[in-house]
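Comments concern the structure below.
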Amino acid sequence: LAKTTQPISMDSYEGQEVNITCSHNNIATNDYITWYQQFPSQGPRFIIQGYKTKVTNEVASLFIPADRKSSTLSLPRVSLSDTAVYYCLVGETTGNQFYFGTGTSLTVIP
Amino acid sequence: NAGVTQTPKFQVLKTGQSMTLQCAQDMNHNSMYWYRQDPGMGLRLIYYSASEGTTDKGEVPNGYNVSRLNKREFSLRLESAAPSQTSVYFCASRYGETQYFGPGTRLLVL
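In the order they appear, the protein sequences are chains A and B. To convert a position in the first sequence, counted from 1, into our numbering, add 66. To convert a position in the second sequence, counted from 1, into our numbering, add 506.
Rendered as structure tokens:
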């Protein structure tokens, strides 16, 4: 079971780009990297997923270096509504156990 | 399309009482999961069901039982509740590498 390490918390001002890095040194060949966002009193919500290099969607980008031992979630021009906890997970399609860790609590400041 | 639904939203139990948390998904997903989340912590996997008719233990299964009633429904039972089971419980279903979470059940055991 691949475990992940993230910063406990981060602060950012509105309008800035935020980068949250996740370490996953024991990632396996078949593992994907997935990021979730969780607001208070809600279940986590899928943000983005990738296997290698760079993935971009309408809300975020995910950067994965060649060795895949870390990944960086990039949130462009954050707003107050991006204040949430962000979790990085690694896991494979055929597996069923996922390690959420404690996540990174992002606070966006006006 | 309601996604993943959970009942009840909130429950108070006395030590030793039993109860069943209900979860249903209408996305025709094979895999379903039960997690618990304690204050300030990430999600920990209790049990999962890779397909109808199968269930397996996760990271923290002690004190819980599950039933995969059919493809839609996956219930979690506490036979004899303990204060240590006070938590927020999330059910999820999965398609590919993406999990879809319900709104959670907040459980308080006195």
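Ideal Cβ positions, reconstructed from N, Cα and C, are used throughout, including at glycine.
Residue of B/Asn-576, B/Gly-546, B/Met-525 minimising C-alpha distance to A/Gly-167: Of the listed residues, the one whose Cα sits closest to A/Gly-167 is B/Gly-546.
The region 602-613 of chain B: positions lying closer than 9 Å to chain A by Cβ: Residues are counted here when their Cβ sits less than 9 Å from a Cβ of chain A; for the region 602-613 of chain B these are Gly-602, Glu-603, Thr-604, Gln-605, Tyr-606, Phe-607, Gly-608, Pro-609, Gly-610, Arg-612, given in chain order.
Three-state class that DSSP yields for A/Asp-77 in the structure shown: Reduced to three states, the DSSP call for A/Asp-77 is strand.
Short CB-CB distance (under 8 Å) between B/Gly-564 and chain A: Yes, because at least one Cβ of chain A sits closer than 8 Å to the Cβ of B/Gly-564.
Under 8 Å by beta carbon: chain A residues contacting B/Met-547: Within 8 Å Cβ-Cβ: Thr-168.
Candidates A/Val-156, A/Thr-95, A/Tyr-117, A/Gly-81, of which the one nearest A/Tyr-102 by Cα: Ranking A/Val-156, A/Thr-95, A/Tyr-117, A/Gly-81 by Cα distance to A/Tyr-102 puts A/Val-156 first.
Any C-beta of chain A under 8 Å from that of B/Tyr-570: Judged by the 8 Å Cβ criterion, B/Tyr-570 is not in contact with chain A.
Sequence-distant residues of its chain with Cβ nearer than 8 Å to A/Lys-120 (five each side left out): So the qualifying residues of the chain are Ser-127, Leu-128, Phe-129, Ile-130.
A/Pro-110 burial status per 10 Å Cβ neighbour count (16 or more: buried): That one is buried.
Top-ranked residue by Cα proximity to A/Arg-134, from A/Tyr-79, A/Ala-94, A/Ile-74, A/Gly-169: Cα-wise, what sits closest to A/Arg-134 is A/Ala-94.
Contained beta strand (DSSP E) runs [length at least 3] in the region 116-171 of chain A, N- to C-terminal order: Entirely contained in the region 116-171 of chain A, the beta strand (DSSP E) runs reaching 3 residues are, in chain order, 119-122, 127-130, 136-141, 150-158.
Residue-chain proximity (B/Phe-596, chain A), Cβ-Cβ < 8 Å: It does; some Cβ of chain A falls within 8 Å.
The region 105-125 of chain A: positions lying closer than 8 Å to chain B by Cβ: Going along the region 105-125 of chain A in chain order, one finds Ser-107, Gln-108, Gly-109, Pro-110, Arg-111, Phe-112, Gln-115 with a Cβ nearer than 8 Å to chain B.
Beta-bridge partners of B/Thr-611, as assigned by DSSP: According to DSSP, residue pairing for B/Thr-611 in a beta bridge involves B/Tyr-595.
Residues that DSSP places opposite B/Val-518 in a beta bridge: Bridge partners of B/Val-518: B/Leu-614.
Close-in-space but distant-in-sequence residues of the same chain around A/Met-76 (CB under 8 Å, 5 per side omitted): Scanning its chain for C-beta atoms nearer than 8 Å, with the 5 sequence neighbours on each side dropped, one finds around A/Met-76 the residues Val-84, Ile-86, Thr-170, Ser-171, Leu-172, Thr-173, in chain order.
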